[in-house]
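Asker:
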Amino acid sequence: MSMTTVGLAHYLVVSVVLLCLGLYCVLTRRNAIGVLMGIELILNSAGINFVAVSRYGSAGFDGQVFAVFIIMLAAAESAIGLAVVLGIYRRMRAIDTSRLTTLQG
Amino acid sequence: MTAADAMFLALAATAVIGAAGVAFSRHILYSALSLMVALFGVAGLFVTLSADFVAGVQVLIYVGGVLVITLFAVMLTQGIQNVEVSNRAVGSVAAGLLTAGLFVVLLRAMSSAQWVKPPADVPTQTSTYGIGNALLGQYVLPFEVASLVLLAVLVGAVVLTRKETAE
Numbered sequence: 063m064s065m066t067t068v069g070l071a072h073y074l075v076v077s078v079v080l081l082c083l084g085l086y087c088v089l090t091r092r093n094a095i096g097v098l099m100g101i102e103l104i105l106n107s108a109g110i111n112f113v114a115v116s117r118y119g120s121a122g123f124d125g126q127v128f129a130v131f132i133i134m135l136a137a138a139e140s141a142i143g144l145a146v147v148l149g150i151y152r153r154m155r156a157i158d159t160s161r162l163t164t165l166q167g
Numbered sequence: 207m208t209a210a211d212a213m214f215l216a217l218a219a220t221a222v223i224g225a226a227g228v229a230f231s232r233h234i235l236y237s238a239l240s241l242m243v244a245l246f247g248v249a250g251l252f253v254t255l256s257a258d259f260v261a262g263v264q265v266l267i268y269v270g271g272v273l274v275i276t277l278f279a280v281m282l283t284q285g286i287q288n289v290e291v292s293n294r295a296v297g298s299v300a301a302g303l304l305t306a307g308l309f310v311v312l313l314r315a316m317s318s319a320q321w322v323k324p325p326a327d328v329p330t331q332t333s334t335y336g337i338g339n340a341l342l343g344q345y346v347l348p349f350e351v352a353s354l355v356l357l358a359v360l361v362g363a364v365v366l367t368r369k370e371t372a373e
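In order, the protein sequences belong to chains A and L.
In terms of this note's numbering, the first sequence has 124 at position 62, counting the first letter as 1, and numbering is strictly consecutive.
In terms of this note's numbering, the second sequence has 328 at position 122, counting the first letter as 1, and numbering is strictly consecutive.
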């Protein structure tokens, strides 16, 4: 493909960048909410991949349907994740993941 | 460079800068607001991929829902005063090396993959009609399972956040 017009590769590069930034966020953050934000970035990069491949691969809506499912699951995940974080905060007065060591042997 | 290319570049830069803000910001509130920028950028990228329905869903659910409850959680779990210290990042060197390695590996895999040649001119069609048909036709079972998941999430979130009563 030529580099002058935007194609599948450009979207995939953006998606890879988002994935790496999200992974970095998940690995380095010690605030549980920050970790959840990193997960949102990773899920978004997967959504870009699905929609881009569906656009440039075959005509059809399979990729877009999957992107909608991803967004739905991300919303569910973040609702439950934040409910868990709030529960942990109420019990232990902290959401710093390095201080939540109750289960550590 | 055509207008479409310029628009793609602007939206991609928005998404990437927002994501960088999420990953590197020292302030959890700034991270949350950067997440909003990134999500809007991704929604714009969906529009450039002629996936207008997905873009609308992205803005409605992510920016309108997920981001708001994220901000709620930020506000509820710490005083505004000590927000700055609450976004601690550790092990950045190891994580940076790991992430950079993954980045290189993925780019290598991308450039060596045998991609399907895209058709010369993909017709753009309105996506809402097609997605609606797909959701109620081919994907009706996942669709119903998704509604079950959402019900479980609803009940689970209520159970997790309600006040504990004395036994």
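We put the CB at the ideal spot given by N, CA and C, even for glycine.
Keep in mind the model is a prediction, meaning the values are calculated, not measured.
1. Give me the chain A residues within the contact set of residue 270/L, using Cβ-Cβ distance strictly less than 7 Å, ordered along the chain.
2. Closer than 8 Å, CB to CB, is residue 287/L near chain A or not?
3. Check distances from the C-beta atoms of the region 226 to 239 of chain L to those of chain A and list, in chain order, the residues that come in under 8 Å.
4. Taking C-alpha atoms, which residue in 226/L, 233/L and 247/L lies nearest to residue 213/L?
5. For the alpha helix (DSSP H) containing residue 404/L, list its first residue and its last residue.
6. For the region 256 to 280 of chain L, list every residue whose C-beta sits within 8 Å of some C-beta in chain A, in sequence order.
7. Rounded to whole angstroms, what's the CA-CA distance from residue 136/A to residue 274/L? Just pull it up for me.
8. Which residues, in order along the region 80 to 94 of chain A, keep a beta-carbon less than 9 Å from a beta-carbon of chain L?
9. Is residue 363/L near residue 108/A, with beta carbons less than 8 Å apart?
10. 8 Å is my cut-off, CB to CB: does residue 316/L come that close to chain A?
11. Count Cβ pairs between the region 80 to 92 of chain A and the region 222 to 235 of chain L that sit closer than 8 Å; are there 3 or more?
12. How would you call residue 106/A, buried or exposed, if buried means at least 16 neighbouring beta carbons within 10 angstroms?
Answerer: So, from the listed chains and residues:
1. As a working note, residue 270/L is residue 64 in the second sequence. Within 7 Å Cβ-Cβ: nothing; residue 270/L doesn't reach chain A, min ~10 Å.
2. If you number the second sequence from 1, residue 287/L lands on position 81. Below a pLDDT of 50, predicted positions are generally treated as unreliable, and residue 287/L, at 49, falls in that range; the measurement from the model is reported next regardless. By this cut-off, residue 287/L is not an interface position.
3. 226, 228, 229, 234, 237 and 238
4. One-based indexing of the second sequence puts residue 213/L at position 7. Closest option to residue 213/L, Cα to Cα, is 247/L.
5. Limits of chain L in this structure are 207 at one end and 373 at the other, which puts residue 404/L out of reach.
6. 256, 257, 259, 260, 263, 264, 267, 268, 271, 272, 275, 276, 278, 279 and 280
7. Here residue 136/A is taken as the residue at index 74 of the first sequence, counted from 1. Here residue 274/L is taken as the residue at index 68 of the second sequence, counted from 1. If you take the alpha carbons of residue 136/A and residue 274/L, they lie about 14 Å apart.
8. 80, 81, 82, 83, 84, 85, 86, 87, 88, 89, 90, 91, 92, 93 and 94
9. Residue 363/L sits at position 157 when you count from the first residue of the second sequence. Residue 108/A sits at position 46 when you count from the first residue of the first sequence. Cβ atoms of residue 363/L and residue 108/A: not closer than 8 Å.
10. On the second sequence, residue 316/L is found 110 positions in, with the first residue counted as 1. Interface residue, yes.
11. yes
12. The count along the first sequence starts at 1 and reaches residue 106/A at position 44. Counting Cβ neighbours within 10 Å, residue 106/A comes out buried, since at least 16 surround it.
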